[in-house]
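Some notes on the structure that comes next.
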Amino acid sequence: MNPIKTGLLAKSIPYIRGGAGTKHAVVFFGGNALFKRLDKSSNPSRYANQIANLLPGDYRFTILGYEESPPEDYTLDTIVRDLAQVVRAELGKPDLVVGVSFGGFVAQRFAAEHADLVDRLVILISGHRFSDAGWQVMERQFEALSTGDFYTLVKDNALLFRRPWYNWLVRLKLWKDRDRLPSEFKEPGQILRAYRSIFSDDFTRNPGFAKRIMAPTLVIGGTSDQYFDVRVFEETAGMIQNARLKLYPDETHMLPIERSRDVATDLAAFIADSPPRGDTAAPQEAAMRR
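Under my numbering, think of the first position of the sequence shown as 8, with each following residue one higher.
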């Protein structure tokens, strides 16, 4: 992969750029981007490589994070408003929009509210709501943030692999890095305020946005995901007018890492079969033109 670039867009939205293709994917990142500034994380190239492994070779990408100092009334609507301004002013209309985990909530509202910016949408390891088990994980995160316990917070977000030895390696690294964790994250009270605002009653409006999405959409998840279960994935795909669902048996929330090649294959097939909205040609004819 070509060297990555990092920084801020509109002086407030962190980004990571990579790839050199002629087509462009905008990626709304997961919960880690709420905890820390992506461009100042200890290893932004790790995030870039994860995304590069999923996209076709003719795609470059911009991973977008979230406001470094969010207001107290920070909501998904606020996030979508800020990101739409950045996309329109500085990135231009992308060929593909991808929402990863928490970013999937953002991507659904973005696609509903700014349909002119979304020709194809991928909702990756995400849905319109959390599962019951996912809410239990979130409650533990609320508790960890209230006490400033970054070790527990990171552990809940990292030890999610299906393969035990991956979890063992992550546990070892987490133990070694435990003393410097606070220096990598935003102030815990700030994160907690954002959490309480984002996951308030406003969060229950998500289905209304999913039903308004017009772009061809691919929902991808694992049947053993710790935040989103099969029912959530099925509900989400069922709400979106032009959606297809791909479930991976026994895979967890770390599906994009553990099965990156398979996910990349499914994503490439979806792109090939889904011409941009407004293109009335059959998928096969559109593919031939490309």
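Glycine is no exception: its CB is placed at the ideal position from the N, C-alpha and C atoms.
To the nearest angstrom, how far is the alpha carbon of residue i from that of residue j?
i, j, result
"leucine 16", "arginine 24", "11 Å"
"threonine 272", "aspartate 65", "14 Å"
"lysine 162", "threonine 259", "15 Å"
"asparagine 60", "proline 263", "9 Å"
"leucine 103", "phenylalanine 117", "12 Å"
"glutamine 291", "isoleucine 198", "Low per-residue confidence applies at glutamine 291: pLDDT is 41, beneath 50, and the placement is therefore not dependable, though the value from the model is reported in the following sentence. Those two C-alpha atoms are separated by around 46 Å."
"phenylalanine 192", "lysine 218", "35 Å"
"arginine 2", "isoleucine 278", "Outside the shown range of the chain, which is 8 to 297, sits residue 2, and nothing can be said about it."
"asparagine 56", "phenylalanine 210", "31 Å"
"glycine 14", "proline 51", "11 Å"
"isoleucine 11", "leucine 71", "13 Å"
"phenylalanine 157", "leucine 252", "34 Å"
"alanine 222", "lysine 180", "40 Å"
"isoleucine 205", "proline 171", "32 Å"
"glycine 26", "leucine 274", "17 Å"
Using the rule of at least 16 other Cβ atoms within 10 Å of the residue's Cβ for burial, across every protein chain shown, is residue i buried or exposed?
i, result
"asparagine 164", "buried"
"glycine 196", "exposed"
"glutamate 194", "exposed"
"glutamine 143", "exposed"
"glycine 215", "exposed"
"threonine 69", "buried"
"aspartate 208", "exposed"
"leucine 128", "buried"
"serine 48", "buried"
"arginine 268", "exposed"
"threonine 154", "exposed"
"alanine 151", "buried"
"leucine 62", "buried"
"arginine 53", "exposed"
Helix, strand or coil, according to DSSP, for residue i in the structure here?
i, result
"tyrosine 73", "coil"
"glutamate 292", "Here the model assigns glutamate 292 a pLDDT of 39, short of 50, so the residue's position is not dependable, and the following value carries that caveat. Note: glutamate 292 maps to helix in three-state DSSP."
"alanine 17", "coil"
"glycine 229", "strand"
"leucine 128", "strand"
"phenylalanine 68", "strand"
"glycine 25", "strand"
"phenylalanine 277", "helix"
"glycine 245", "helix"
"arginine 251", "strand"
"lysine 12", "strand"
"proline 283", "coil"
"phenylalanine 192", "coil"
"lysine 43", "coil"
"glycine 141", "helix"
"phenylalanine 157", "helix"
Measuring alpha carbon to alpha carbon, tell me which of the options ends up nearest residue i.
i, options, result
"asparagine 213", "Gly111, Pro256 and Ala276", "Gly111"
"serine 281", "Asn249, Tyr255, Pro256 and Arg266", "Asn249"
"glutamate 79", "Ala27, Ala279, Arg53 and Arg203", "Arg203"
"glycine 228", "Thr154, Ile130, Asp139 and Ser138", "Ile130"
"threonine 322", "Ala140, Asp139, Phe137 and Asp184", "Given that the chain is displayed from residue 8 to residue 297, the structure contains no residue 322 and the question cannot be resolved."
"leucine 41", "Ile11, Thr82, Pro10 and Lys12", "Thr82"
"tyrosine 73", "Asp156, Leu274, Phe168 and Leu45", "Leu45"
"arginine 169", "Val113, Arg67 and Pro256", "Pro256"
"alanine 201", "Glu75, Leu62 and Phe240", "Glu75"
Taking 6 Å as the cut-off, does the CB of residue i come closer than this to any heavy atom belonging to the ligand MN?
i, result
"asparagine 56", "In terms of ligand content, the structure shown is empty, and the ligand MN therefore cannot be addressed."
(message) When you compare the region 25 to 39 with the region 98 to 114, are there three or more beta-carbon pairs, one atom per stretch, that lie closer than 8 Å?
(response) Between the region 25 to 39 and the region 98 to 114 there are three or more C-beta pairs closer than 8 Å, enough to call the two in contact.
(request) Specify whether the region 79 to 97 and the region 121 to 137 touch according to this definition: at least 3 beta carbon pairs, one from each stretch, less than 8 Å apart. (result) yes
(request) Count the C-beta pairs between the region 239 to 257 and the region 80 to 89 that are closer than 8 Å, then say yes if the count reaches three, no if not. (result) no
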